[in-house]
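**Student:** Protein sequence lines, in the order shown, are assigned to chains A and B.
Just so you know, we're using full-length UniProt numbering here: the first sequence kicks off at 1 and counts up by one.
Just so you know, we're using full-length UniProt numbering here: the second sequence kicks off at 1 and counts up by one.
Please find one structure pasted underneath; my questions will follow.
There are 2 protein chains.
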Amino acid sequence: MTSQSTPTLQDVADAANVSTATVSRCLNFPDKVAPETRQKVQDAIAVLGYSPNFGARAMAARRTNTIGAIIPTMENAIFARGLEAFQKELRKHGFTMLVASTGYQPKVEEEQIRSLVARGADALLLIGYQRDPEVYRFLEAQGVPVLLTWAFDPVSARPSIGFDNKAAMQEMAGKVIAMGHRKLALISADTGLNDRAAARYDGVLRAMSIAGLDPAQLYFEETAYGIEEGAAAFDRLMALPDRPTAVFCGNDVLAVGALRQARALGLCVPQDVSVIGFDDIELAQVAYPALTTVHVPHHEMGRRAGQALARHLRDGEPMVPMQLRTRIILRDTLIPV
Amino acid sequence: MTSQSTPTLQDVADAANVSTATVSRCLNFPDKVAPETRQKVQDAIAVLGYSPNFGARAMAARRTNTIGAIIPTMENAIFARGLEAFQKELRKHGFTMLVASTGYQPKVEEEQIRSLVARGADALLLIGYQRDPEVYRFLEAQGVPVLLTWAFDPVSARPSIGFDNKAAMQEMAGKVIAMGHRKLALISADTGLNDRAAARYDGVLRAMSIAGLDPAQLYFEETAYGIEEGAAAFDRLMALPDRPTAVFCGNDVLAVGALRQARALGLCVPQDVSVIGFDDIELAQVAYPALTTVHVPHHEMGRRAGQALARHLRDGEPMVPMQLRTRIILRDTLIPV
DNA sequence: TTGTAAGCGTTATCAG
DNA sequence: CTGATAACGCTTACAA
Numbered sequence: 001m002t003s004q005s006t007p008t009l010q011d012v013a014d015a016a017n018v019s020t021a022t023v024s025r026c027l028n029f030p031d032k033v034a035p036e037t038r039q040k041v042q043d044a045i046a047v048l049g050y051s052p053n054f055g056a057r058a059m060a061a062r063r064t065n066t067i068g069a070i071i072p073t074m075e076n077a078i079f080a081r082g083l084e085a086f087q088k089e090l091r092k093h094g095f096t097m098l099v100a101s102t103g104y105q106p107k108v109e110e111e112q113i114r115s116l117v118a119r120g121a122d123a124l125l126l127i128g129y130q131r132d133p134e135v136y137r138f139l140e141a142q143g144v145p146v147l148l149t150w151a152f153d154p155v156s157a158r159p160s161i162g163f164d165n166k167a168a169m170q171e172m173a174g175k176v177i178a179m180g181h182r183k184l185a186l187i188s189a190d191t192g193l194n195d196r197a198a199a200r201y202d203g204v205l206r207a208m209s210i211a212g213l214d215p216a217q218l219y220f221e222e223t224a225y226g227i228e229e230g231a232a233a234f235d236r237l238m239a240l241p242d243r244p245t246a247v248f249c250g251n252d253v254l255a256v257g258a259l260r261q262a263r264a265l266g267l268c269v270p271q272d273v274s275v276i277g278f279d280d281i282e283l284a285q286v287a288y289p290a291l292t293t294v295h296v297p298h299h300e301m302g303r304r305a306g307q308a309l310a311r312h313l314r315d316g317e318p319m320v321p322m323q324l325r326t327r328i329i330l331r332d333t334l335i336p337v
Numbered sequence: 001m002t003s004q005s006t007p008t009l010q011d012v013a014d015a016a017n018v019s020t021a022t023v024s025r026c027l028n029f030p031d032k033v034a035p036e037t038r039q040k041v042q043d044a045i046a047v048l049g050y051s052p053n054f055g056a057r058a059m060a061a062r063r064t065n066t067i068g069a070i071i072p073t074m075e076n077a078i079f080a081r082g083l084e085a086f087q088k089e090l091r092k093h094g095f096t097m098l099v100a101s102t103g104y105q106p107k108v109e110e111e112q113i114r115s116l117v118a119r120g121a122d123a124l125l126l127i128g129y130q131r132d133p134e135v136y137r138f139l140e141a142q143g144v145p146v147l148l149t150w151a152f153d154p155v156s157a158r159p160s161i162g163f164d165n166k167a168a169m170q171e172m173a174g175k176v177i178a179m180g181h182r183k184l185a186l187i188s189a190d191t192g193l194n195d196r197a198a199a200r201y202d203g204v205l206r207a208m209s210i211a212g213l214d215p216a217q218l219y220f221e222e223t224a225y226g227i228e229e230g231a232a233a234f235d236r237l238m239a240l241p242d243r244p245t246a247v248f249c250g251n252d253v254l255a256v257g258a259l260r261q262a263r264a265l266g267l268c269v270p271q272d273v274s275v276i277g278f279d280d281i282e283l284a285q286v287a288y289p290a291l292t293t294v295h296v297p298h299h300e301m302g303r304r305a306g307q308a309l310a311r312h313l314r315d316g317e318p319m320v321p322m323q324l325r326t327r328i329i330l331r332d333t334l335i336p337v
C-alpha cells in the first residue's frame, strides 16, 4: 500500500515495519523509543524523504510551535532589526516565527491576526497598544497569548516589552529646548492610528509646557510614512514665514526625507535648521549629516520578547511587562540656536 | 453538544440546524446554497465568532492558497519593495504570502523551504538559481511549483522572472570604462553562495575584457553583506598603494558603506574616487552624494511574479520565464577620470 | 517498548 | 439544494 505522492507517516511505518505511533514518537520523543527501532525508522524516513505534514500535526497536537509577529511595515527596516533578534531567540527555543505586515492599516492588522490565529499561531507579537478592544477579546477567547512591543505603557495591564515613547521624545525635546531652540516643528506619522507617533507627539508638547513654552506654537505636520512624505512635509515647514529652527521627526525615515529636502532647498543642516530623528536605525548613521536621534534598543527588545514568549509557552511562566531604556544619540544634525 | 473552546464547523452546523457540509459550502461556494440557508449559517457564524481552522482545511482541501517567499535577508530593504508588490498582487488573487529569510545561508534556506512546504505552501518564490540540485528534486517530488526571481538566466529551464545581473553590471562597467576609468575595484558579496553577486562580478570582468583591459587587474574585495562590511572593504581598497579611481559595489548597501568610509577618510566622492552601486533601493537616493547605481525594477518584478504564480495555480497556466530590463541611474557619485 | 484506535476540523463525493 | 460519510495525516491515551 504505497502512497503515490508525498510519503506519510503510514508509509514510513510500513517501510520500517512499525506502527505509526512509533514513528510519531521517534519524531517527537526520540528517547522514548528503543535505539534499534529508532534507527530503522530514521532510515525509512531518509529513504522516503518523508517530512511531516504541518497541518495534520497542528490539528492533532493542537499547537504549532509557531509564533506570529505582525508589524506595520517591512520597508525601511524600522522593525527589521528587532524582528531579526526576536526570531533568533525563538529559534533557540524551538519556535518558528511567522511575519505579516499591515501597511499601518488597522483593518489589515485584524485580518492578519485572524489569519495567523487560524494558522494556529501559539502566540502573537504585536506592535503598540492601540487596537479595537474587540480584537483583544477575540484573542482572549481563542486563548492566544499576546505580547505587545515597541511601546510601554505603565498603566496598561497588557504584557509588553518596550519603551516609553513619550518619555523618550520628551527627553530629547527637553534637550533641544535647553539648547535654545524656541521655534519647534514636528513631522509625525498619523497620530490617530499609531500610538507610538501619538506618544512621541505628546512628548514634545510636554517638554514645551515644562519649559514654559506654549505647546500650541508647535508646528505640526502629520503625514504618511516614507522618505518622500518626510521630504514634502519638511518642504512645507520651510515655506512657513517664520521657519522653525528645529524639526523633530517621528522616525528616522521621515528625518532622512527631511534631510534630503533640506539639501534640495540649499539649506544647511544643522546651521540653518536642526533635524532630529527617532529610532536610530542604520539609516541614521549613514545619512549625511549623520542624524541626531533617539536610540531604541531594537535588539534587546526583540531578544527579550522572544524569551518571554518562549518561556510562557513552554513553562507557563507569566509574561511580565518590561520597560527598556532609550537613549539620545547626538550626531551632527543638531546644534544650539 | 456545544464545544467548550473555539467553535468548530460542527458547532456552527448545530447552531444553524444544518449539516457541516452545508456550512462548508456556505464558506467556499456561497452561491451553491439557498439564500435563506446561507443567512442562517452566516448568523450562526457571526454569533459564535467562528473562524475556520487552517490546518484542518489544508489537510482536507490539500491546498492552502498560501505562497511562500524565501529571501536572503529582511534587513536593508533590498527585497522589501519587490516583496511588497508580490504580496499585493497575490492578495488580489486571493492568495496569502508567507515570508521567511535565510541570512544568506543555504542550509537555512533548505530548512525554510522544507518548513514552508510542510506548512502546505502551494508554491514558492525563491531568489536566484543557485542551490543544491537535491532541493529542486525535493520540490519537484512534492509537486510544489517554484518561481525564481531577482535573476534571469536565459539558458536555465527553470521559470524565472528577473533580470540579467551580468548584463546589467557589464553595461554599467562599460560606461565607467568609457569615462576613462582604468583602475577599477569591486566590493562584492560572497560570489560562492550568491549567484547574483557572481554574475555582477562576471559583468565587470567581461566589460574589462571587451575594453581591452586585463580582468586580472580588477581589485576584488569579497565581503559579507552590510554597511559596516562595505565600509571596511572600501577602507582596504583605499589603503592600496595604487588606488582605484572607480569602486563598483555589488549592491547599494555596500556602496553606502563605502560612501560613509570615504567621508571618514576625508575623501571626496566623486572627485577623489567614484562609487557605483546596484539595486537602486531608497537608500541610494538618500545617500550623500546621491548614488549612481543600476536600477532594478523591484515593483514590476514582484507584481509579475505574483501574477504568474497566481495564474499558474488557479488556471494551470504555465509559468513563462520573463526577462525584465534594468537601467543605469546616473546620480552624483560617478564622474569621468 | 510498542501497538491499537479514537479523535483533531475540514472538504468532497455521492445519494437523496 | 442538502445531508451522510469517508478521507486527510498526525498525536496520544490506553492496552498489551
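Don't be surprised by glycine CBs; every beta carbon is placed ideally from N, CA and C.
Have a look at A44 (chain B) and Q285 (chain A) and give me their C-alpha separation to the nearest angstrom.
**Tutor:** Cα to Cα, A44 (chain B) sits roughly 55 Å from Q285 (chain A).
**Student:** Are there 16 or more other CB atoms within 10 angstroms of the CB of N210 (chain A), so buried, or fewer, so exposed?
**Tutor:** With the sequence shown as reference, residue 210 (chain A) is identified as Ile, and Asn is not the correct amino acid for it. That one is exposed.
**Student:** When the Cα atoms are used, what is the spatial distance from T52 (chain B) to M59 (chain A)?
**Tutor:** The sequence given here places Pro at residue 52 (chain B); Thr does not occur at that position. In a straight line, the C-alpha of P52 (chain B) is about 12 Å away from that of M59 (chain A).
**Student:** Return the residue from the list A:G103, A:R131 and A:N17 that minimises the CA-CA distance to V41 (chain A).
**Tutor:** Closest by alpha carbon: A:N17.
**Student:** Take the Cβ of E221 (chain A) as the centre, count every other Cβ of all protein chains shown within 10 Å, and call the residue buried at 16 or more, exposed below.
**Tutor:** Buried, since its Cβ has 16 or more Cβ neighbours within 10 Å.
**Student:** Determine the extent of the beta strand (DSSP E) in which F220 (chain B) is found, giving its start and end residues.
**Tutor:** Y219 to E222 is the span of the beta strand (DSSP E), which, as asked, contains F220 (chain B).
**Student:** List the whole-angstrom C-beta distance separating N76 (chain A) from V294 (chain A), where the pair is believed to meet the contact cut-off of C-beta under 8 Å.
**Tutor:** Actually they are not in contact, since the Cβ atoms of N76 (chain A) and V294 (chain A) sit about 16 Å apart, beyond 8 Å.
**Student:** Leaving out five residues on either side along the sequence, give the residues of the same chain with a beta carbon under 7 Å from the beta carbon of L126 (chain A).
**Tutor:** These residues qualify, in order along the chain: I70, V146 and L148.
**Student:** Looking at C-alpha atoms only, which residue of B:R81, B:A173 and B:M322 is the closest neighbour of S101 (chain A)?
**Tutor:** Out of B:R81, B:A173 and B:M322, B:R81 has the C-alpha closest to the C-alpha of S101 (chain A).
**Student:** Is there a Cβ from chain A that is less than 8 Å from the Cβ of I161 (chain B)?
**Tutor:** Chain A, which has no Cβ nearer than 8 Å to the Cβ of I161 (chain B), makes this no.
**Student:** Reducing DSSP to helix, strand and coil, say where V108 (chain B) ends up.
**Tutor:** Looking at V108 (chain B) - three-state DSSP - the assignment turns out to be helix.
**Student:** Using the Cα positions of A189 (chain B) and R91 (chain A), report the straight-line distance between them to the nearest angstrom.
**Tutor:** Cα-Cα distance, rounded: 26 Å.
**Student:** Taking Cβ to Cβ, would you say F234 (chain B) is nearer than 8 Å to A262 (chain B)?
**Tutor:** It is a contact, given that the beta carbons lie within the stated cut-off.
**Student:** Nearest to P244 (chain A) by alpha carbon, out of A:T223, A:A224, A:E228 and A:Q271?
**Tutor:** Ranking A:T223, A:A224, A:E228 and A:Q271 by Cα distance to P244 (chain A) puts A:Q271 first.
**Student:** How far does the beta strand (DSSP E) with Q323 (chain B) in it extend, from its first residue to its last?
**Tutor:** From DSSP, the beta strand (DSSP E) with Q323 (chain B) extends over M322 to L324.
**Student:** Which residues, taken in chain order from the UniProt domain "HTH lacI-type" (7-61) of chain A, show a beta carbon closer than 7 Å to some beta carbon of chain B?
**Tutor:** So the close ones are G49, S51, P52, N53, F54, G55, A56, A58 and M59.
**Student:** Just the Cα atoms here: how many angstroms apart are V256 (chain B) and I227 (chain B)?
**Tutor:** Each residue's alpha carbon lies about 6 Å from the other.
**Student:** Does the distance from the CB of F86 (chain A) to the CB of M97 (chain A) come in under 8 Å?
**Tutor:** Yes.
**Student:** How far does the beta strand (DSSP E) with T37 (chain A) in it extend, from its first residue to its last?
**Tutor:** Note, T37 (chain A): premise wrong, no beta strand (DSSP E); alpha helix (DSSP H) at P35 to L48.
**Student:** DSSP three-state call for H298 (chain A): helix, strand or coil?
**Tutor:** Correct three-state label for H298 (chain A): helix.
**Student:** Just how far apart, CA to CA, sit V23 (chain A) and A13 (chain A)?
**Tutor:** Spanning the two alpha carbons is a distance of roughly 6 Å.
**Student:** Give me the chain B residues within the contact set of residue 354 (chain A), using Cβ-Cβ distance strictly less than 9 Å, ordered along the chain.
**Tutor:** In the structure displayed, chain A extends from 1 to 337; residue 354 (chain A) sits before or after that span and is not available.
**Student:** I'd like to know whether the C-beta of V146 (chain A) is nearer than 8 Å to at least one C-beta of chain B.
**Tutor:** Cβ-Cβ to chain B under 8 Å: no for V146 (chain A).
**Student:** At 8 Å on the CB atoms, spell out the chain A contacts of L83 (chain B), in chain order.
**Tutor:** Correct list: M74.
**Student:** Can you find the residues in the same chain that come closer than 6 Å, C-beta to C-beta, to T292 (chain B), ignoring five residues on each side of it along the sequence?
**Tutor:** Hits under 6 Å: I276, L330, R331, T333 and L334.
**Student:** Hey, S156 (chain B) and Y129 (chain B): beta-carbon distance below 8 Å or not?
**Tutor:** Cβ atoms of S156 (chain B) and Y129 (chain B): closer than 8 Å.
**Student:** Would you verify that the beta carbon of V269 (chain B) is, or is not, closer than 8 Å to some beta carbon of chain A?
**Tutor:** It does not: the Cβ of V269 (chain B) has no partner Cβ on chain A nearer than 8 Å.
**Student:** Could you tell me which residues DSSP pairs with I328 (chain B) in its beta bridges?
**Tutor:** The partner list for I328 (chain B) (beta bridge, DSSP) reads B:V294.
**Student:** List the residues of chain B whose Cβ lies closer than 7 Å to the Cβ of T96 (chain A), in chain order.
**Tutor:** Going along chain B in sequence order, the residues near T96 (chain A) (Cβ under 7 Å) are S115.
**Student:** Taking C-beta pairs closer than 7 Å, name the residues in chain A that V99 (chain B) reaches, listed in chain order.
**Tutor:** Correct list: V99.
**Student:** In chain order, what residues of the same chain lie with their CB nearer than 7 Å to the CB of M322 (chain B), ignoring the 5 residues before and after it?
**Tutor:** Only I161 and R304 meet the Cβ criterion.
**Student:** Between which two residues does the alpha helix (DSSP H) harbouring T149 (chain B) extend?
**Tutor:** First-last for T149 (chain B): V146 to T149, but that is the beta strand (DSSP E), not the alpha helix (DSSP H).
**Student:** Please report the residue range of the beta strand (DSSP E) in which V275 (chain B) lies.
**Tutor:** Note, V275 (chain B): beta strand (DSSP E), S274 to I276.
**Student:** Got a sec? Which residues, its chain only, sit under 8 Å from R325 (chain B) by beta carbon, not counting five neighbours each side?
**Tutor:** The residues are F163 and P297.
**Student:** With DSSP collapsed to three states, give me the class of C268 (chain B).
**Tutor:** Three-state DSSP puts C268 (chain B) in coil, outside helix and strand.
**Student:** Report the residue ranges of all beta strand (DSSP E) runs contained in full by the region 73-141 of chain A; include only those spanning at least 3 residues, in chain order.
**Tutor:** Runs found: 96-101 and 123-127.
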